[in-house]
Amino acid sequence: LLLFVVDAKEGLSPIDEDLARMLRKSQKPVVLVINKIDHEKHEPLAGEFDSLGFEPSLSISAEHGRGITGLLAAIVQRLPSSPHDSRVTSHDSLAIVILGRPNVGKSSLINSIVRSERAIVSELPGTTRDAIDISYERDGRQFVFIDTAGIRRRGKRSSSVEVFSVMRAERSIRRADLCVLIVDLTMGVTAQDKRIAGLIQKERKAAIVVLNKWDLIRPKSKQRQAIAELIDQTRSRIFFLDYAPVLVASALTGESIDKLFSFVANVRRAAGKRIGTGVLNRLLRGAFEANPPPMISGRRLKLFYTAQASGKQDRQLQPPEFVLFVNEPRLLNETYRRYLEARIRKAEPYPGLPITLTLRPRTGARHKKQSGHRAAQANKQQAGS
Numbered sequence: 004l005l006l007f008v009v010d011a012k013e014g015l016s017p018i019d020e021d022l023a024r025m026l027r028k029s030q031k032p033v034v035l036v037i038n039k040i041d042h043e044k045h046e047p048l049a050g051e052f053d054s055l056g057f058e059p060s061l062s063i064s065a066e067h068g069r070g071i072t073g074l075l076a077a078i079v080q081r082l083p084s085s086p087h088d089s090r091v092t093s094h095d096s097l098a099i100v101i102l103g104r105p106n107v108g109k110s111s112l113i114n115s116i117v118r119s120e121r122a123i124v125s126e127l128p129g130t131t132r133d134a135i136d137i138s139y140e141r142d143g144r145q146f147v148f149i150d151t152a153g154i155r156r157r158g159k160r161s162s163s164v165e166v167f168s169v170m171r172a173e174r175s176i177r178r179a180d181l182c183v184l185i186v187d188l189t190m191g192v193t194a195q196d197k198r199i200a201g202l203i204q205k206e207r208k209a210a211i212v213v214l215n216k217w218d219l220i221r222p223k224s225k226q227r228q229a230i231a232e233l234i235d236q237t238r239s240r241i242f243f244l245d246y247a248p249v250l251v252a253s254a255l256t257g258e259s260i261d262k263l264f265s266f267v268a269n270v271r272r273a274a275g276k277r278i279g280t281g282v283l284n285r286l287l288r289g290a291f292e293a294n295p296p297p298m299i300s301g302r303r304l305k306l307f308y309t310a311q312a313s314g315k316q317d318r319q320l321q322p323p324e325f326v327l328f329v330n331e332p333r334l335l336n337e338t339y340r341r342y343l344e345a346r347i348r349k350a351e352p353y354p355g356l357p358i359t360l361t362l363r364p365r366t367g368a369r370h371k372k373q374s375g376h377r378a379a380q381a382n383k384q385q386a387g388s
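Basically our numbering = 1-based index in the sequence shown + 3.
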């Protein structure tokens, strides 16, 4: 990756044009960095460099720090995958990324599992600066735990290192098979927790939520009631990640940490389950009859046929995907989508896995024949009138 830095105040020079020709010949990705745009009113100066033909072009001020976050984002997005990325995608091991806010207990959880100090544990937020891969074997199965730096609130990113840490965490979500979101139960679900959960949901990843620091809850006389209330509160706050099972544990004392692997095993089993085509069609037709879709622009969604997709062979925890052949895919709104997903989960819960509904317009000879017949009738009626 090449950063081509030019001076906005000096303007486009013959040297800039010569360098641009050399960079184009290199056949390498180039980011045009237009420096000394110290204020919005200086932005028109950047337009002079459009003739160089490089995309993207970013306006910054190195002296004042303006636009640096956007530049770092552009750099990270264009960096090639690291050696860690290729190792984690091995078919022999399950990649589990540990996510959460700073000082929520991510490294403590991993240390409790592997019983070593592979990840540095500290009371100072942000001790883990980068994503760290830790290999682990249990009951003959291979795991790779990815310990990430905590994702802070947007206003708390105090340095370029922090920006890189956040972007690394986001990349770790994409390359992991399973995401474990750790929440500090003494603080409850915060805005940062919801943001991380949103990233997991956006990537359609398998997920487990761990409510950590159970050892700090007193008294212990009503544990079951307290646990049930904590789980309900968590689900209501991150309802869009409602497919993720919730585990209450203590990384510090190790209490209930072993149950995490039972949760992982349940997600593994769910990933291999399929619903028969006949059962699935009866199920969704019943859902349509019990609660018809809403009218949108004077039209209503119609279901003709559905089947479960086979899934990709290169993913260990493949979320179930159901293909629905309908009259018009655009007629499915988000509320009705969630309703259909809930009906599917009643038949097969799929714990820890998001459900994907893919809508396709019905095609084929029969549909074309029916459409042609209707068109011919319409033409005949028009001719008669």
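Each residue gets a CB set at the ideal place from its N, CA and C atoms; glycine is no exception.
{"Asked": "Buried or exposed (CB count within 10 angstroms, at least 16 for buried), Lys-276", "Found": "exposed"}
{"Asked": "Which of helix, strand or coil DSSP assigns to Ala-254", "Found": "coil"}
{"Asked": "Check whether Asp-150 and Ser-110 have beta carbons under 8 Å apart", "Found": "yes"}
{"Asked": "Reduced DSSP category for Tyr-342 - H, G, I as helix; E, B as strand; rest coil", "Found": "helix"}
{"Asked": "Whole-number beta carbon distance between Leu-97 and Leu-181, since they are thought to touch under 8 Å", "Found": "7 Å"}
{"Asked": "Assigned secondary structure, Leu-389 (DSSP; H/G/I helix, E/B strand, else coil)", "Found": "Outside the shown range of the chain (4 to 388) lies residue 389, about which nothing can therefore be said."}
{"Asked": "Beta-carbon contacts of Val-147 that lie in its chain and below 6 Å, excluding the five residues immediately before and after", "Found": "Val-91, Ser-96, Ala-98, Asp-136, Ser-138"}
{"Asked": "Same chain, Cβ closer than 8 Å to Gly-70, five either side skipped, listed in chain order", "Found": "Ile-40, Leu-61, Ser-62, Ile-63, Ser-64"}
{"Asked": "Supposed contact pair Val-267 and Pro-354 - C-beta distance, whole angstroms, cut 8 Å", "Found": "Incorrect: roughly 11 Å between the Cβ atoms, too far for contact."}
{"Asked": "Between the CA atoms of Ile-18 and Pro-357 - distance to the nearest angstrom", "Found": "53 Å"}
{"Asked": "Cβ-based burial, Val-213 [other Cβ within 10 Å; buried from 16]", "Found": "buried"}
{"Asked": "First and last residue of the uninterrupted alpha helix (DSSP H) at Gln-204", "Found": "194 to 205"}
{"Asked": "C-alpha gap between Gly-281 and Ile-347, whole angstroms", "Found": "13 Å"}
{"Asked": "Cβ contact (3+ pairs, closer than 8 Å) linking the stretch 251 to 267 and the stretch 296 to 304", "Found": "no"}
{"Asked": "Residue environment, Ser-115, which counts as buried when at least 16 other CB atoms sit within 10 Å", "Found": "buried"}
{"Asked": "Assigned secondary structure, Ala-310 (DSSP; H/G/I helix, E/B strand, else coil)", "Found": "strand"}
{"Asked": "Cβ pair Leu-283, Gln-321 closer than 8 Å", "Found": "no"}
{"Asked": "Contact the stretch 287 to 298 vs the stretch 233 to 252: 3+ CB pairs below 8 Å", "Found": "no"}
{"Asked": "Which listed residue (Arg-24, Thr-361, Asp-10) has its alpha carbon closest to that of Arg-340", "Found": "Thr-361"}
{"Asked": "Assumed close pair Ile-176, Lys-208 - CB separation to whole angstroms, cut-off 8 Å", "Found": "6 Å"}
{"Asked": "Contiguous beta strand (DSSP E) assignments of at least 3 residues, all confined to the stretch 28 to 71", "Found": "33 to 38, 60 to 62"}
{"Asked": "Val-79 at chain B interface by Cβ criterion, 8 Å", "Found": "Reference to chain B is not applicable here, since this structure consists of a single protein chain."}
{"Asked": "Expected contact under 8 Å - CB spacing of Ala-76 and Pro-59 to nearest Å", "Found": "Not a contact, Cβ separation roughly 10 Å."}
{"Asked": "8 Å Cβ cutoff met for Gln-228 and Gly-191", "Found": "no"}
{"Asked": "Contiguous alpha helix (DSSP H) assignments of at least 4 residues, all confined to the stretch 218 to 249", "Found": "226 to 240"}
{"Asked": "Simplified DSSP state of Val-267, which is helix, strand or coil", "Found": "helix"}
{"Asked": "Straight-line gap, Val-8 to Leu-35 (C-alpha atoms, nearest Å)", "Found": "6 Å"}
{"Asked": "Pro-323 in three-state terms, based on DSSP", "Found": "coil"}
{"Asked": "Rounded separation between Ala-194 and Glu-13 - CA only", "Found": "44 Å"}
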